[in-house]
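K.L.:
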Amino acid sequence: MVPTLAGVILFVFFLFKFFGGDPAEILGGLLATPEQIQAIRQQLGLNDPWYVQLWIFVKSIFTFNWGNSWATGEAISNIFRTRLPATL
Numbered sequence: 025m026v027p028t029l030a031g032v033i034l035f036v037f038f039l040f041k042f043f044g045g046d047p048a049e050i051l052g053g054l055l056a057t058p059e060q061i062q063a064i065r066q067q068l069g070l071n072d073p074w075y076v077q078l079w080i081f082v083k084s085i086f087t088f089n090w091g092n093s094w095a096t097g098e099a100i101s102n103i104f105r106t107r108l109p110a111t112l
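All residue numbers in the sequence shown are consecutive under my numbering, ending with 112.
1. Assess, as a yes-or-no matter, whether the stretch 86-93 is touched by the stretch 44-51 under the definition of 3 or more beta carbon pairs within less than 8 Å.
2. For my contact list, tryptophan 79 and lysine 41 are in at a C-beta cut-off of 8 Å; report their separation, rounded to the angstrom.
3. Got a sec? Which residues, its chain only, sit under 7 Å from isoleucine 155 by beta carbon, not counting five neighbours each side?
4. Considering just the uninterrupted stretch of the alpha helix (DSSP H) at proline 27, what are its terminal residues?
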């Protein structure tokens, strides 16, 4: 079970890393300047090496610290907590 979980975590991380587009450009929008894009990359830790980003990703999964929604700014853990019971 642990190897499967590790494989899924690695697969998801690299899937978003290499095929998900640039989150800084998505968040910045079409009118963002290169300086704003760079500031967003710094804020999100996208300038860090991949292994540092992977460590942060794994740590956030196991501590349930999934950040905030880009659309609403609400904590992702709160979104799951309030909406998951309605689906069960």
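Don't be surprised by glycine CBs; every beta carbon is placed ideally from N, CA and C.
P.N.:
So, from the data block:
1. no
2. About 13 Å separates the two Cβ atoms, so there is no contact after all.
3. Shown here, the chain extends from 25 to 112; a query on residue 155 therefore has no answer.
4. 26-43
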